[in-house]
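Report on one structure; see the data block that follows.
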Amino acid sequence: MKISKVFKGIEKLFFSEATDEKKQEKLREKLLEKIEQTKEEIKNAGNDEEAQDLKAKLYILKKLLERV
Amino acid sequence: MLKKYYFHFFLLLLALILFYSHNFKIIIAGVAIFLIGMLSMKEGFKHLSGTVLEAYLQKSTDTLPKAILSGFLATTAVQGSTLISIIVISFLNAKLITLLSAVGVIFGSNIGSTTTAWIVSTIGLEIDIAPYAMPMIIFGVVFGFSENKNIQAIGKTILGFGLIFLGIDYMKDGFESMQNSFDLTKFKMDGLAGIFVYVMIGMIVTVIMRSSGAAMALFITAVAANQISFLNGIELAIGANIGTTTTAIIASLGANANGKRVALAHFSFNMLYAIIAIIFIYPFSDFVNFLASKIGIDESNYAMKLALFDTTLNIVAVIFVYPFTNLFVKYLQTLFVDEKDEIEKPLYLDNIVINIPNAAIEAIRKEVAHLYDNAIEVIAHSMFLHRHKFIKSADLQSAVKDTDTTLNTDINEFYTNKIKSLYGDIIHYATLSQEHMSENDQNRVYDLKLASREIVEALKNMRDLQKNIFYYLKSKNSYIQEEYNNLRVYIAKTIDTIEKIKEHDDDFDVISTIELLKESTKALDNIKNSRIDTLIRENKIDSKMATSLINDSAFAYDVTQKLLQVATILWIKDINIRTLGVQT
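Chains C and S, in that order, give the protein sequences. The letter at position 65 of the first sequence is residue 241 when you use my numbering, and the numbering goes up by one with no holes. The letter at position 8 of the second sequence is residue 3 when you use my numbering, and the numbering goes up by one with no holes.
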C-alpha cells in the first residue's frame, strides 16, 4: 500500500471537511427555512408598516437564494 | 554588550562540561532532546487544538472557578502554560473575557503545568519508555512528509512525545551512570543556605531552558537517581516556579497594558507560591510524605513525591489567593494605563498573538471595527452632524436637519491623526499574520484588509463632499439645499442601520438589512434617474449646481456602498452568508 493512500485515509477519517457543494446545499436549506419563517411573520404582522418591511425582507431573501 | 559576553561565557562553560564529563554530556543531550520534543509537541497541539481550544477558553471562563478549571484543563491538554497565557491576553484585548477570568485561567494554568512532572515521574521513569520512543519518532517524521497540515501536526505531536521520552531516558541513564563516578549528593545542603542556593539554581536552570516543564523533568530525574536529596529537589522546584515567570515578564515588556497585567498576575502568584513554600518547607514536605503514603506512593519514590509537592503547593496557593482575587484584579486594573496620544494607536493588534491564526484574525477584525468607528466620527462631523443625535434617533430626517455648521472638521488632519497610522498598522500586522495561516484564514484576513481600504476610501470621498455640503446647506435655493440634505440623510441612514446591525445575532437578518439598504441607496445614483433632469428642465437649479449634485451624488453613493461592504465583512459571522453579501 502506498504511503500517500495511508495519509489520504487518515485525512478522510479525521479531517474531511464538507465539500463546497454540501456547504451550498446547507446554506440553501437554511435560507429556505428563513424564507418560510419570514412568510409566517408576514401573516402575523401587527400593522401594515411591519408587513411591508417583512415583505421587503422576503424579497431580498429570495434574491439571496438565487445567488446560492 | 554584557549579555553577549554572558552568552559566550555560557557556551565556553558548556563546551568544557561536555568535553570533560561523559555523564553530563548524556544528561545535557537528554535535556536538549526533551526541549526539542516539547517544542515539537506544542506546535502540533497548537495546530490541532487551535480552534477548539480558543472556543473552549472563550466560553468556559465566565466565573472564577470555571476560569481556573479551564486554565487547568487547557494547559494539561497542550502541556504548556505559555500558549494559554498568549491566548488569554489576546481574548482580554479583544474584550472576549474579563481580567478576572484571565487571572483565573492563569491560576488554573499553573496547576495544569505541573502535569508535565507527573508524566515524567510516572510514565517517563516508572515504565521503560525508550522502546516506544523510537517508533513514535519514526512515525512522527513520516507523518511530517504529508502535505496535509493536520497530519503534519499529528506527526509533530507524536514526534514530540517520542523525543520527550527519549530525552527522559538519556537523563535517567546519565544520572544513573554518574552514581558510579560522581556523587552529586555530596553537594547536599540543608537549612537556609540550602534553600537559597537550590532555589537560585532552580530559577537559573529554568530561565536558561525557558521551560519549567523541562527543568522539572531534569530535577525529577536527578531525584529519582538519588543524585539530589528530596528536600533540595523541592527547593529546585520552587526556583523553577519563580524562573518560569521571567519568560512571561520579558514577553510582556513589548505587550500592551493587558499583557503586562496578566504577566504581573502570573509573577505575583508564583512569588506567593515561593514564599509559602519557603516559609513552610519542612511542614509541607512532611505533609507531602503523609499525603503520598495515603494515596499509595512508595516512600522511596521521590520523583512522584516531587510531582505531588508541586501540584499540592500550587493548589494550596490558589486556595490561598482565591478570596483576594477580586481585590487583586481591581488593583491590577489601575496599573499600566495607556497614555493618550495625538496619533491613534491600535487597541487590539498584539504581537504576542500574531502567530495564532484565530486570535490574530479576531484582533484584526476588532481593529478594523475600531478604524470604522473613528471614520464614522469624522464622516458624521463632515456632514455637520453629531453621531449621538442621529444614531438610533426615532426621527432620522429631523435629526439630520438639525445641522451644526460650527463643526469645523479638518478631514486631512483627522485622517493623519486617527486613520492613516492605524490603517498602516492594520495592513502591516495583517500581512505578517498571514504568513502562518491556512488558505481560508488568509482569505479572511484579505477581506479584512479590503474592509480597511474601503473605510479609507469612503473617508476620501467624504473629503470631496464636505465642501459642497457646507456651501449648499447655506444656499438660498431651497431645491439644492433639499437635495444635499437628501444625500446626508442617505449616509446618516446607512450609518444608523449599521449601528443597529451590530446588535443582531442572526446573520440572515443582517445580510437582508444590508441588501435592502443597498437597494434603497441606488436612488442616489442620480444620473440613472430623472429627478435631476426635472430640476434642470424646470430651471430650479443652475448648471453649476447640477454638475456638483451629479458628482456629489456619486460620491455619496460610493460612501454608502463602501460602508455597507465593510459592515458585511465585519459583522456577518458565517463565511457562506458573508460571501453572498460580498459578491454584489
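In this text, a Cβ means the ideal position worked out from N, Cα and C, and glycines have one as well. Remember, it's a predicted structure, so these values are computed and weren't measured experimentally.
Asked, Found
"Contact check, GLU339 (chain S) vs LYS413 (chain S), beta carbons under 7 Å", "yes"
"Three-state secondary structure (DSSP) of TYR479 (chain S)", "helix"
"Interface residues of chain S facing LYS199 (chain C) [CB-CB closer than 8 Å]", "ASN571"
"Contacts that LEU240 (chain C) makes with chain S (C-beta to C-beta distance below 9 Å)", "PHE503, ILE506, SER507, GLU510, ILE572, LEU575, GLY576"
"ASP569 (chain S) in three-state terms, based on DSSP", "coil"
"Distance between beta carbons of GLY197 (chain S) and ALA232 (chain S), contact taken as under 8 Å", "6 Å"
"Close-in-space but distant-in-sequence residues of the same chain around LEU468 (chain S) (CB under 8 Å, 5 per side omitted)", "PHE379, THR398, THR400, GLN476, TYR479, ASN480"
"Own chain, CB closer than 8 Å to THR579 (chain S), minus 5 neighbours either side, in chain order", "A caution first: THR579 (chain S) carries a pLDDT of 44, below 50, which makes its placement in the model unreliable, though a value can still be read off. GLU510, LYS513."
"N- and C-terminal bounds of the alpha helix (DSSP H) containing ARG243 (chain C)", "224 to 243"
"Interface flag, ASP224 (chain C) vs chain S, CB-CB below 7 Å", "no"
"Three-way DSSP call (helix, strand, coil) for ASP501 (chain S) in this model", "coil"
"Nearest-angstrom Cα separation, counted from ALA148 (chain S) out to ASN296 (chain S)", "35 Å"
"Proximity below 7 Å, CB of GLU294 (chain S) to CB of LYS151 (chain S)", "no"
"Residues near VAL505 (chain S) in its chain [Cβ-Cβ closer than 7 Å; skip 5 each side]", "ILE496, HIS499, TRP566, ILE567"
"Buried/exposed call for ASP442 (chain S), threshold 16 Cβ in 10 Å", "buried"
"Where GLU142 (chain S) falls: helix, strand or coil (DSSP)", "coil"
"ILE237 (chain S), DSSP secondary structure in three states", "helix"
"Straight-line Cα distance separating VAL98 (chain S) from ALA260 (chain S)", "7 Å"
"Contact with chain S by GLU211 (chain C), beta-carbon distance below 7 Å", "Reading off the sequence, residue 211 (chain C) comes out as Ile, not Glu. No, because no Cβ of chain S sits closer than 7 Å to the Cβ of ILE211 (chain C)."
"Closer than 7 Å to chain S by CB, ILE218 (chain C)", "no"
"Environment of THR492 (chain S) [buried if 16+ CB atoms lie within 10 Å]", "buried"
"Where ILE570 (chain S) falls, given that 16 or more other Cβ within 10 Å makes a residue buried", "exposed"
"For SER393 (chain S), the first and last residue of its enclosing alpha helix (DSSP H)", "391 to 396"
"Close beta carbons around THR110 (chain S), own chain, < 6 Å, minus the five adjacent residues each side", "THR71"
"Length of the line joining the Cα atoms of ILE572 (chain S) and ILE386 (chain S)", "26 Å"
"Contacting residues, own chain, Cβ-Cβ under 8 Å from GLN556 (chain S) (five flanking each side not counted)", "LYS513, THR516"
"Minimum length 4: unbroken alpha helix (DSSP H) runs contained in the stretch 16 to 89 of chain S", "17 to 54, 59 to 73, 76 to 88"
"Cβ-based neighbour list, LEU30 (chain S), same chain, cut-off 7 Å, excluding 5 preceding and 5 following", "MET204, SER206, ALA209"
"Neighbouring residues, chain S, relative to ALA232 (chain C) (Cβ below 7 Å)", "LEU511"
"Coil, strand or helix - HIS431 (chain S) by DSSP", "coil"
"Range covered by the alpha helix (DSSP H) that runs through LYS206 (chain C)", "196 to 219"
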